Amino acid sequence: MPDLYENLAAVSQKDRQRRERCLAYAREHAVGPVEGLFAQEGMVRRIWREGAMLAAIPPAVVLEVLLPEVAEGVGRFSDYQTKLMARTRRTVYATHALVFGDLSMSIEVGGRIFQLHERVRGGISSRSSEGRAGTRYRANDPAALQWVFATLVQGALTTYEAAVEPLDRDERARFYEESKRWGAVVGLPPEQLPPDWESFARYFEEMVEGALELGDMAKDILRVLFGPPYMRGVARLCAGLLPERWRSAVGLPWDADAKRAYELALGALRRTRHLPPALRYVPAWHQAAARIEAARGGGVSKTTRIVQALDARGWIPAGLAPPEEVMRRCPRG
Numbered sequence: 001m002p003d004l005y006e007n008l009a010a011v012s013q014k015d016r017q018r019r020e021r022c023l024a025y026a027r028e029h030a031v032g033p034v035e036g037l038f039a040q041e042g043m044v045r046r047i048w049r050e051g052a053m054l055a056a057i058p059p060a061v062v063l064e065v066l067l068p069e070v071a072e073g074v075g076r077f078s079d080y081q082t083k084l085m086a087r088t089r090r091t092v093y094a095t096h097a098l099v100f101g102d103l104s105m106s107i108e109v110g111g112r113i114f115q116l117h118e119r120v121r122g123g124i125s126s127r128s129s130e131g132r133a134g135t136r137y138r139a140n141d142p143a144a145l146q147w148v149f150a151t152l153v154q155g156a157l158t159t160y161e162a163a164v165e166p167l168d169r170d171e172r173a174r175f176y177e178e179s180k181r182w183g184a185v186v187g188l189p190p191e192q193l194p195p196d197w198e199s200f201a202r203y204f205e206e207m208v209e210g211a212l213e214l215g216d217m218a219k220d221i222l223r224v225l226f227g228p229p230y231m232r233g234v235a236r237l238c239a240g241l242l243p244e245r246w247r248s249a250v251g252l253p254w255d256a257d258a259k260r261a262y263e264l265a266l267g268a269l270r271r272t273r274h275l276p277p278a279l280r281y282v283p284a285w286h287q288a289a290a291r292i293e294a295a296r297g298g299g300v301s302k303t304t305r306i307v308q309a310l311d312a313r314g315w316i317p318a319g320l321a322p323p324e325e326v327m328r329r330c331p332r333g
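The opening position of the sequence shown corresponds to residue 1 in UniProt numbering, with each subsequent residue numbered one higher.
Here it is, written out as structure tokens:
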């Protein structure tokens, strides 16, 4: 579709107009300006509040870069090779800001993501896909956004059910329907998505079975991601949470030793269910609870005050302090 990109200004203008329509949807369906996009007792926060859900991010990243346009965009425009830890911190922050932030924070972070994506465009190289080399892509294309959205939705459900508790069909459907709100704030139109949970599950399976590929660009990204020694345990846990056909295909270990390591790691995550909420739930959830309680005229608990202080110093990995304020206190690279 080369003609689609001949007038980049016109395409960018259409993207911005589309996002404005998406923001109207997000504002209409948000719980409130203080609460944000989601209710504390809703399915999205119920799932993402679990500390064990940090394990959902690596499998989602793996599946994202198996789509050639995502691999090309990350490979050409990202600083992943030199600033892996900083990029990881930004990814975790963005996820929790969209889920647990107030409405203005969620929209602001979604806007930053959209703006960063505006410059990510070009042609797919043979290093990402020999069969699709030369095909034009852009990061704000709804089809690319849809796949990134899908990896996070399905990755969250897979991790939650493996590490916390099983969900029934209605709970999965509610989680999917609610998640459309954060998709909207980054410019993904709800009407672009499959209409219901069953349709989404079919879409995800079709993508896993037929649309993904492991090009050299994706291999390079995954090599950097899982190369450091401290990522070996993460790699084993990630392998077990991936769709079966891609576990060994992406180069992650899945032999008898790796499977035992996965079960041990999963067992450790499951034990977090027995911790008190102060330790079990991510700091961002506590911050959202404190914000809502304060708006209702209530006080702030000692636990929340400690969380806020630690987050402001950059000492916790899943809070709502913007990375630019705390990154200087975090490990570089």
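Beta carbons: idealized from backbone N, C-alpha and C, even for Gly.
On a predicted model such as this, the values are computed, not experimentally measured, just so you know.
Three-state secondary structure assigned by DSSP to residue i
i, result
"ARG121", "strand"
"ARG296", "coil"
"residue 334", "Not covered by the structure: residue 334. The range shown for the chain is 1 to 333."
"LEU67", "coil"
"VAL164", "coil"
"GLU213", "coil"
"ARG132", "coil"
"ALA321", "coil"
"ALA30", "coil"
"ARG305", "helix"
"PRO228", "coil"
"SER78", "coil"
"ARG90", "helix"
"ARG127", "coil"
For residue i: DSSP bridge partner residues
i, result
"GLU50", "TYR281"
"TYR137", "GLY122"
Presumed contact (8 Å Cβ cut-off) between residue i and residue j, rounded CB distance
i, j, result
"GLN192", "GLN146", "6 Å"
"LEU237", "LEU66", "With a Cβ gap of about 18 Å, LEU237 and LEU66 do not count as contacting."
"ARG247", "ALA239", "5 Å"
"GLY123", "GLY134", "6 Å"
"PHE100", "ALA284", "4 Å"
"TYR137", "GLY73", "7 Å"
"SER126", "PRO68", "About 10 Å; that fails the 8 Å criterion."
"ALA52", "THR272", "5 Å"
Residue i classed as buried or exposed, judged by whether at least 16 other C-beta atoms fall within 10 angstroms
i, result
"LEU275", "exposed"
"GLU263", "exposed"
"ARG169", "exposed"
"ALA26", "buried"
"GLN13", "exposed"
"ASN7", "exposed"
"GLN308", "buried"
"SER199", "exposed"
"GLY75", "buried"
"GLY79", "For the record, residue 79 in the displayed sequence is Asp; it is not Gly. Per the 10 Å Cβ criterion, exposed."
Residue i beta carbon near the ligand GTP (any heavy atom closer than 7 Å)
i, result
"GLY240", "By its list of ligands, the structure shown contains no ligand whatsoever, and the ligand GTP lies outside what it can speak to."
Task: Segments of 4+ residues assigned as alpha helix (DSSP H) that fall wholly inside the segment 236-290 - done: With a minimum length of 4 residues, the continuous alpha helix (DSSP H) runs that stay inside the segment 236-290 are 244-247, 256-271 and 277-280.
- [ ] Could you tell me which uninterrupted alpha helix (DSSP H) segments, each at least 4 residues in length, are contained entirely in the segment 149-196, listed from first to last along the chain?
- [x] Correct list: 169-185.
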